[in-house]
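J.:
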Amino acid sequence: MGRKQTIDRAEILRAVETVVARDGAAGLTIGAVAAEMGISKAGVLYDFGSKEGLILAYTESRIDGWREEVRDREIARAGEANPRLNSILDKYQACAGADDSQIALAISAAMVASHGCRNIVRSAHEDDIQTIISEAVQDAGDPAPALIAYLALWGLKSLEFQGVSGCDPALRDRVVTLLRSLPSLSIPSLLPSANTGTE
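So for the sequence shown, our numbering puts the first residue at 184; every next one is plus one.
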């Protein structure tokens, strides 16, 4: 017999976020999410199958939400140089200062345990990198500065996810401004050309 109550998957995923923010990544269990929702464990398992399935769906939801907001900003920047990179920087500035460390830890733990989670995150980064490189080649010819900006941003975000920042809001804004300017810079190659050799 089917369930008597229809449970919104989005509500369950919001409950995941509440549990993680309150209890930390270690406190994320099927039971804790069910209790937060006021439903049975079976109600959660019916939709997600397991804790891994729940975290996989949550990870996908978070990344889809991030990318949707970036895409909206990208549309608004149509015709500008480096729209993907600048839209990602816009999104970062919009949510800078939010404490997502426990959520990031939960996703990181899921990536260790779940091939599916790793694929979701890897696919998102690969798409961003390929788009940023393509746009930079079209706009400036050299994709390296734009790629450096992207990698630096995610290095900063990774530190913030671990509770390490070192940036007050004013300094963070200056860092982002500098990252925005990188694609327009000409970075000379530090490597000898293919035709250069030693005698």
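In this text, a Cβ means the ideal position worked out from N, Cα and C, and glycines have one as well.
By Cβ distance, which residues of its chain are closer than 7 Å to Ala-193, with the 5 residues on each side in sequence left out?
T.: For the purposes of this step, residue 193 is taken as residue 10 along the sequence shown, with counting starting at 1. Same-chain partners within the cutoff: there are none.
J.: Give the single residue among Asp-356, Ser-317 and Gly-226 whose Cα lies nearest to the Cα of Pro-366.
T.: Within the sequence shown, numbered from 1, the residue matching residue 366 stands at position 183. With distances taken between Cα atoms, Pro-366 lies closest to Ser-317.
J.: Which whole runs of the beta strand (DSSP E) in the region 246–278 are 3 residues long or more, in chain order?
T.: The region 246–278 contains no whole beta strand (DSSP E) run of 3 or more residues.
J.: I'd like to know whether the C-beta atoms of Ala-264 and Asp-322 end up nearer to each other than 7 Å.
T.: Reading the sequence shown from its first residue, position 81 is the one you call residue 264. Reading the sequence shown from its first residue, position 139 is the one you call residue 322. Yes. Within cutoff.
J.: Leaving out five residues on either side along the sequence, give the residues of the same chain with a beta carbon under 8 Å from the beta carbon of Glu-251.
T.: Taking the sequence shown and counting its residues from 1, one reaches residue 251 at position 68. Result list for Glu-251: empty, nothing under 8 Å.
J.: For Val-253, which residues from the same chain have a beta carbon less than 6 Å from its beta carbon, with the 5 sequence-adjacent residues on both sides left out?
T.: Counted from its first residue, the sequence shown places residue 253 at position 70. Correct list, in chain order: Ser-270, Ile-271 and Lys-274.
J.: If you drop the 5 nearest sequence neighbours on each side, which residues of the same chain put their C-beta closer than 8 Å to that of Tyr-333?
T.: Looking up residue 333 in the sequence shown gives position 150. Cβ neighbours of Tyr-333 beyond the five flanking positions: Leu-268, Ile-271, Asp-311, Ile-312 and Ile-315.
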